[in-house]
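The opening position of the sequence shown corresponds to residue 54 in the working numbering, with each subsequent residue numbered one higher.
Ideal Cβ positions, reconstructed from N, Cα and C, are used throughout, including at glycine.
Below is one structure, written out as structure tokens; comments come after it.
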Amino acid sequence: MKALIIDGGQAVRSMMGFVLDGEGFEVKQASGLPEARYLLDQGYAPDVVITCQSRGGADVTALRLLTAHSAMKRVPVILMAEKEDLERQMTWKEAGVTCWLTWPVTPVRLLEMVRMVLFDFTKEKTGRMALLNR
């Protein structure tokens with residue numbers, strides 16, 4: 054499985070990357086949405102994308118551009134957000150975000166959410182349930 058992590062902070066990207074790498078994911082990192090779009094343009098096809106609100110510019114316009122990319126068809130997007138940003142949930146949903154978590158996020162919670170969205174999307178894509186043995 055492939056994961057794309059988008060965040061302006063190297064420490065956050067490294068932590069998430071370490072957690073996902075330890076679970077067998079192939080992880081690519083981008084410091085912002087323009088860099089993420091570049092990776093997609095170069096042929097990278099993630100199974101899940103994790104991006105952050107207020108930590109690298111995950112604004113709604115950029116999110117819409119990201120989720121409209123041809124490589125992002127049927128790819129779940131998890132948004133990490135501050136509690137005070139939660140009133141924007143419908144805006145994020147309209148921009149293509151699958152689900153969101155509020156900071157602080159533990160490695161366990163991150164993995165639970167990734168597994169959940171991948172399970173749901175695998176089931177939806179194939180018409181059958183796939184067990185993620187992680």
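Rounded to the nearest angstrom, the gap between the Cα atoms of residue 116 and residue 160 is 24 Å.
Here DSSP, grouped into helix, strand and coil, assigns residue 151 to coil.
In the DSSP annotation of this structure, the continuous segment of the alpha helix (DSSP H) that includes residue 120 starts and ends at 113-121. Cα atoms of residue 124 and residue 137: separation of roughly 31 Å, rounded to the nearest angstrom. Rounded to whole angstroms, the gap between the alpha carbons of residue 151 and residue 67 is 22 Å.
Collapsing the DSSP output to three states places residue 144 in a helix. Under DSSP, residue 101 forms a beta bridge with 56. Annotation: the continuous beta strand (DSSP E) that includes residue 83 extends over 79-83.
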